[in-house]
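Residue numbers (the working numbering): 1177 to 1411. Beta carbons are placed, not taken as given, at the ideal position from N, Cα and C, and that holds for glycine. Some notes on the structure that comes next.
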């Protein structure tokens, strides 16, 4: 994750990031002086034992939470300078999220779940439906558009979650244990899907995972321990 400037400016740049929580028993430092860069269109895995700070880091990168100190820059813009409305717009338009639990709405079908970010972003129902159908078809679910969540397999549900994350063609896709609830075979399908989206859509991909096999497929690998980066690998 080398230095870059100008048109080669990294999509994500983290400088001396710290995150602290305050509990009755005192201050808890979850992230400690993290600094790294993620080039546009690149892939990064973040691994480490439970409690290492992986998910907290992902939430900060995705503008779901703010750092206690340090800077997080998205395409050169300091997220701490955004107001709440601008952060919400950034999350909707520029960042896609995939979690271990798919967080689909069970009362809606695959198409309706996928449409949600587009509707929130102000697209008409017709345009949102068109975009949702297109991405679901691309992910091999064109025949399952009208099926509700309970009628889909675990792997299909996660693919719908990926489709929902990608419907507005974000520049950054964040995935938190995306294969954690899946068996090995289904998990491999989701792995391949994420990597293919990085290749075909040039979406920058950052994955938090305990899955060492998945982590090794990312061009850059970062290991956290006790809130610190203890190793970095990759070209």
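| query | result |
| --- | --- |
| For residue 1191, I'd like the list of residues in its chain whose CB is within less than 7 angstroms of its CB, leaving aside the five on either flank, ordered along the chain. | 1211, 1246, 1247 |
| Near residue 1357, what residues of its chain come up, given a Cβ to Cβ distance below 7 angstroms and the 5 sequence neighbours on each side ignored? | 1276, 1277, 1330 |
| Looking at the unbroken alpha helix (DSSP H) that takes in residue 1230, where does it start and where does it end? | 1230–1237 |
| Answer yes if the segment 1368–1383 comes into contact with the segment 1214–1226, meaning at least three C-beta pairs across the two stretches below 8 angstroms, and no otherwise. | yes |
| Out of 1370, 1349, 1195, which one is the CA nearest neighbour of residue 1315? | 1370 |
| Using a Cβ distance threshold of 8 angstroms, determine whether the segment 1277–1286 contacts the segment 1332–1345, with at least three qualifying pairs required. | yes |
| How should residue 1307 be labelled, buried or exposed, when 16 other C-beta atoms within 10 angstroms of its C-beta is the threshold for buried? | buried |
| Express the C-alpha separation of residue 1365 and residue 1313 in angstroms, rounding to a whole number. | 15 angstroms |
| Note down the Cα distance separating residue 1258 from residue 1265, rounded to an integer number of angstroms. | 10 angstroms |
| Give me, in chain order, the residues of the same chain whose beta-carbon lies closer than 8 angstroms to that of residue 1256; leave out the 5 immediate sequence neighbours on both sides. | 1242, 1243, 1247, 1248 |
| Suppose the cutoff is 7 angstroms on Cβ atoms and the five residues either side in sequence are ignored; what does the same chain contact list for residue 1178 look like? | Because the pLDDT at residue 1178 is just 41, under 50, the model does not fix this residue reliably, and the point stays unresolved. |
| Under DSSP, the alpha helix (DSSP H) around residue 1243 begins and ends at which residues? | Neither: residue 1243 is in no alpha helix (DSSP H) and is coded neither H nor E. |
| Can you name, in chain order, every residue of its own chain whose Cβ lies under 7 angstroms from the Cβ of residue 1296, other than the five neighbours on each side? | 1268 |
| Rounded C-beta distance between residue 1294 and residue 1344? I'm assuming under 8 angstroms. | 6 angstroms |
| Determine the DSSP secondary structure at residue 1199, reduced to helix, strand or coil. | strand |
| Would residue 1399 and residue 1407 be called neighbours here (beta carbons separated by less than 8 angstroms)? | yes |
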